[in-house]
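S.K.: The structure's right below; bear with me while I get my questions together.
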Amino acid sequence: MGRPSMPGDMGKPVSIPADRLEESKDKFKIHQFNLVASDIMSLNRTLPDYRIPG
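Read in the working numbering, the sequence shown has 41 at position 33, and its numbers run on one by one without any break.
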């Protein structure tokens, strides 16, 4: 790829830092998704292609 792997790149899991776990839980209760993980991931990340060859 020519660039370092970023959090969430190619569907890799995102690790939440220990000092942000409580914030992550609180925001999940409000928004119903992991806003902290979303903020850590790059907006322009690469995702795997799951299409069935046909």
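Here a beta-carbon is modelled for each residue, glycine too, at the ideal position from N, C-alpha and C.
Measuring straight from C-alpha to C-alpha, what distance separates asparagine 52 and asparagine 42?
M.R.: Translated into positions along the sequence shown, residue 52 becomes position 44. Translated into positions along the sequence shown, residue 42 becomes position 34. Those two C-alpha atoms are separated by around 18 Å.
S.K.: Could you compute how far the alpha carbon of histidine 39 sits from the alpha carbon of isoleucine 60?
M.R.: Residue 39 sits at position 31 when you count from the first residue of the sequence shown. Residue 60 sits at position 52 when you count from the first residue of the sequence shown. Distance between histidine 39 and isoleucine 60, taken at the CA atoms: about 33 Å.
S.K.: Express the C-alpha separation of isoleucine 48 and serine 13 in angstroms, rounding to a whole number.
M.R.: In the sequence shown, the residue the question calls residue 13 occupies position 5. In the sequence shown, the residue the question calls residue 48 occupies position 40. Cα to Cα, serine 13 sits roughly 13 Å from isoleucine 48.
S.K.: Whose C-alpha, out of Val44, Asp17 and Lys20, is nearest the C-alpha of glutamate 30?
M.R.: Looking up residue 30 in the sequence shown gives position 22. Of the listed residues, the one whose Cα sits closest to glutamate 30 is Val44.
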